[in-house]
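Report on the structure given below.
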Amino acid sequence: KELTIFWAEWDPANYLQELVNDYTAETGVKVTVQTTPWPDFQTKAFTEFNAHGDAYDMVVGDSQWLGAGSTQGHYVDLTDFFNKHKLGDVMAPATVKYYAEYPGGSGKYWAIPLEGDAIGWSYRKDWFEDPKEKEAFKAKYNYDLDVPKTYAQLRDIAEFFHRPDQKRYGVAI
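Residues 6 to 178 (my numbering) make up the sequence shown, in order.
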């Protein structure tokens, strides 16, 4: 048996190929991750969907495709599989809601989230450990300067360190 997965050309797809190589070694099922550049990805996927083609066994689709994929017959209803394996218990509720369920609140699942566009943050440890900065922050916000645990804290920290005259801009993505 052989399976083909279609995805956009980027590092997570390369990593997926590494994972499926392990799957092939364990099961004997050959899996190939076929990729295409991002600008062509949606067009190629939906051309294949609309032609009811069989070039791919699975597509790592974008979350914005849930509606069209489920209502136009391009996606398989995965509700029983999702519930049987309790996938909702191992993912954040927002991940399930926005990346797997359609329509919202229906309890019907059309996708298994693979990659959630997570944002990573880094910070200047020297700024956070500077006694003068810590004292000034506490005086202004009435709590200790520390790695933020909420977006409200991140906002306060960004505001506090926003000092364009010193070429400090508080936060950058």
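Positions of the beta carbon are idealized from the N, C-alpha and C atoms, including for glycine.
Same chain only: Cβ atoms within 7 Å of residue i, ignoring 5 sequence neighbours per side
i, result
"Leu-71", "Tyr-107, Trp-115, Ala-116"
"Pro-153", "Leu-159, Ile-162"
"Gly-102", "A small correction: the amino acid at residue 102 is Lys; Gly does not occupy that position in the sequence shown. Excluding residues within five positions, the ones whose Cβ falls inside 7 Å are Gly-109."
"Val-36", "Leu-8, Ile-10, Val-25, Tyr-28, Thr-29"
Among the options, nearest to residue i - alpha-carbon criterion
i, options, result
"Leu-119", "Asp-135, Ser-111, Phe-86, Val-65", "Val-65"
"Glu-7", "Thr-29, Gly-93, Lys-102", "Thr-29"
"Tyr-146", "Asp-131, Ala-123, Glu-164, Lys-35", "Glu-164"
"Asp-149", "Ala-157, Gln-77, Glu-140", "Glu-140"
"Ser-127", "Gly-58, His-57, Ala-177", "Ala-177"
"Trp-132", "Glu-23, His-57, Asp-16, Arg-168", "Arg-168"
"Phe-166", "Ala-157, Phe-142, Tyr-156", "Phe-142"
Under 9 Å between C-beta atoms of residue i and residue j
i, j, result
"Ala-13", "Phe-46", "yes"
"Thr-3", "Gly-112", "For the chain, the structure presents residues 6 to 178; residue 3 sits outside this window and is missing."
"Gly-121", "Tyr-104", "yes"
Local conformation of residue i per DSSP, three classes
i, result
"Leu-24", "helix"
"Gln-77", "coil"
"Glu-31", "helix"
"Arg-129", "coil"
"Tyr-114", "strand"
Close beta carbons around residue i, own chain, < 6 Å, minus the five adjacent residues each side
i, result
"Ala-60", "Glu-53"
"Ala-18", "Trp-12, Val-38, Thr-40"
Problem set entry | Inter-stretch contact (C-beta, 8 Å, three-pair minimum) for the stretch 52-66 and the stretch 11-25 | A contact is defined here as three or more CB-CB pairs under 8 Å, and the stretch 52-66 meets this definition with respect to the stretch 11-25.
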